[in-house]
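Okay, so here's the structure we're looking at.
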Amino acid sequence: MFDKKDCTVLTSATLSTQGTFNYIKSRLGLAEDTDELLVGSPFDYTKAACLMIPDDMPQPNSEGYLSALSKVFTELGISLEGHTMGLFTSYSSLRGVAQRIRSTLSASGVQLLAQGVDGPPQQLTRRFIENPKSVLLGTNSFWEGVDFPDGVLKSLVLTRLPFQVPTDPIVKARSDQYSDPFNQYSVPQAVLKFRQGIGRLIRRKGDKGSIILLDRRITSRNYGKAFLESIPACTLTPCHLNNVGQISSEWIQG
């Protein structure tokens, strides 16, 4: 396709991984000498975004995992009076959290909007914009392409690093093309989606909010560095599960 054109421009905020275009060029079959331009973010993330990674988050296969997830969304939903979106990689986890937090949020006047439970993505996006006093829980559709007006989204929660399911036939077929499929394909692909997810929060100058990462692999595994280095430098703030709401509120009001 590219050979038939005199010039083709590919532009996106999420084409690079770890500061290079090597992965996307490999995926698209582009020549090594393809012209490149990497431009930094126009936003000062150290002033716009507070990044929190709770040090007491349990592992996904532990008994208290869903309860811990639910605590985070309850804390944020009540402290910020909604204005919170959670990005999931599993419908099962999303439904489990929704079931646990709905009545508590409702008692505080906060609406819960859960994808696949309260409506399809387009409808939930509209309802969230119309009534930001809501907690929105979404999966794949909300990791990219959604843009909320000023003041609607104040806190973004990423429940897991967005790795694809390795047993998926398409993922497996693509992975088989690499000598080191995890590091050459799985990690870069997840990093791109991670960047897209992070990009839902700060959309324009003046936006301010908190980002909460609930996957401890980002600090405990070697590949976690690739994720953290892929996003603009934020203000990293120590926290626990029981104070993410308070810290977020103080940051946004400060």
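Numbering-wise, the sequence shown is residues 821 to 1074 according to my numbering. Even for Gly, the Cβ is constructed at its ideal location relative to N, Cα and C.
Query, Result
"Residue interval of the alpha helix (DSSP H) (run including Ile1022)", "Run containing Ile1022: none; DSSP gives neither H nor E here."
"Segment contact, 8 Å Cβ cut-off, at least three pairs: the stretch 994-1001 with the stretch 934-942", "no"
"Beta bridge counterpart(s) of Ser975 as assigned by DSSP", "Thr904 and Ser1030"
"Cutoff 6 Å; reference Thr894; Cβ partners in own chain excluding five residues on either side", "Ile921 and Thr924"
"Closest Cα partner of Asp864 within the set Lys1025, Gln1016 and Ile1018", "Lys1025"
"Beta-carbon proximity check, Val955 vs Val930, cutoff 8 Å", "yes"
"Short Cβ contact (8 Å threshold) for Val1011 with Ala1046", "yes"
"Three-pair Cβ contact test at 8 Å for the stretch 941-951 versus the stretch 980-990", "no"
"Candidates Ala918, Ser913 and Asn881, of which the one nearest Gly897 by Cα", "Ala918"
"The stretch 960-976 contacting the stretch 903-915, beta-carbon criterion three pairs below 8 Å", "yes"
"Per-residue burial, Gly1074 [other beta carbons within 10 Å of its own, 16 or more giving buried]", "exposed"
"For Ala927, the three-state DSSP class (helix, strand or coil)", "helix"
"Cβ neighbours of Leu1034 in the same chain (closer than 6 Å, five flanking residues each side left out)", "Met877 and Thr979"
"Proximity below 8 Å, CB of Trp1071 to CB of Ser1030", "yes"
"Cys870 beta carbon less than 8 Å from that of Ser1068", "yes"
"CA nearest to the CA of Thr854, picked from Lys867, Val829 and Ala868", "Val829"
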